[in-house]
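Using my numbering, the first residue of the sequence shown is number 7, and each one after it goes up by one.
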Amino acid sequence: MPAVLERLRNNAGLKLLSLAIAVIAWSYLRFTPNPVIATARFTESITVPIVATGLAAGEIAHLGAREATLTVDVPREGGTVSPQLVRAILDLAGRGPGTYNVPVQVVAPKFEVKSLSPTSITLTIERVEERSVPIAVRYTDRNRNVVVTGVQVAPLAATLRAPTSSLVRVAGVVVKVPLPAAPGTFDAMLRPLPIDARGSAVAGITLDPNLVRVRAVFARGSR
């Protein structure tokens with residue numbers, strides 16, 4: 007009988023020890039982060055605008071591409087990547103007019119960039135210039151039986167501002183005045199239009215002023 011009691015006491019101790027070990031093991035597994043999961047990462051692709059910096063005053067850059075696509079490593083618990091946290095930059099400081107191939111610099115302090123496209127941009131830098139051009143009047147609806155006896159434009163000229171490549175295409179500046187069906191007067195604010203040698207509008211030109219006053223007097227024609 008004493009041997010049986012001794013054996014029970016020994017078994018009880020082993021059971022308590024086993025229980026304690028099980029509790030410790032459960033606590034470790036429950037509260038210790040899984041190193042595989044904790045370090046797991048995934049890649050995400052985002053597109054951000056390419057920003058040119060360092061341009062001198064009075065210069066403009068014509069970029070061959072306007073956006074960059076990046077693949078970044080993101081912690082699994084970090085959520086999605088906000089484009090506001092990533093920047094694609096072209097450093098144009100110290101460059102004058104001309105054509106260049108400039109590397110794209112990525113600023114993404116919170117992420118590891120795995121890939122970038124494009125890695126460089128071919129661009130052209132040119133000056134923005136100004137020129138004063140007289141304003142001419144162009145009449146439309148010429149089949150009307152009226153003639154112009156007087157016309158006034160105020161101001162007489164417009165100041166054009168544009169990159170050199172656009173400004174050299176401008177052959178003149180016109181305002182279009184419709185001929186009336188009967189004699190009378192015309193008084194209106196019209197938008198001047200820069201045109202090339204063929205009479206087509208030239209885009210990308212800033213005009214000052216953007217509206218001019220045109221006054222005209224029309225009399226009956228001879229036919």
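Think of the CB as a built atom: it goes at the ideal place given N, C-alpha and C, for glycine as much as any other residue.
Please classify Ala94 as buried or exposed, where buried requires at least 16 neighbouring CB atoms within 10 angstroms.
buried
Candidates Pro186, Glu132, Asn151 and Ser126: closest to Gly64 by CA position
Glu132
Can you name, in chain order, every residue of its own chain whose Cβ lies under 6 Å from the Cβ of Val134, other than the five neighbours on each side?
Gly64, Ile66 and Pro169
Kindly list the residues whose CB is nearer than 7 Å to the CB of Val87, restricted to its own chain and excluding five residues on each side of it in sequence; keep chain order.
Glu50, Ile52, Val78, Val80 and Phe117
Runs of 4 residues minimum, wholly inside the stretch 137-177: which ones carry the alpha helix (DSSP H) assignment?
170-173
Residues bridged to Lys256 by DSSP?
Outside the displayed span of the chain (7 to 229) sits residue 256, for which this structure offers no information.
May I have the straight-line CA-CA distance separating Arg221 from Gly156, to the nearest angstrom?
8 Å
Measure how close the beta-carbons of Arg150 and Pro186 come, nearest whole angstrom, since I'm counting them as under 8 Å.
7 Å
May I have the straight-line CA-CA distance separating Gln158 from Gly205, to the nearest angstrom?
22 Å
Whose C-alpha, out of Pro55, Ala160 and Ile201, is nearest the C-alpha of Arg219?
Ala160
For Ala114 and Thr212, the rounded distance between their alpha carbons:
36 Å
Of the listed residues Val139, Gly100, Lys120 and Thr105, nearest to Val174 (C-alpha basis):
Val139
Using a Cβ-Cβ cutoff of less than 6 Å, which residues in the same chain neighbour Ala44 once the five nearest sequence positions on both sides are dropped?
Because the pLDDT of Ala44 is 45, which lies under 50, any placement of that residue in the model is unreliable, and the question is left without a value.
Span separating the alpha-carbon of Val42 from that of Leu69:
Note that Val42 has pLDDT 46, beneath the 50 cutoff, so the model's placement of it is unreliable and no number is given.
Buried or exposed by the 16-neighbour rule on C-beta atoms within 10 Å, applied to Ile27
exposed
In its own chain, which residues sit with a C-beta less than 7 Å from the C-beta of Ser126, not counting the 5 before and 5 after it?
Asn107, Val108, Pro109 and Val110
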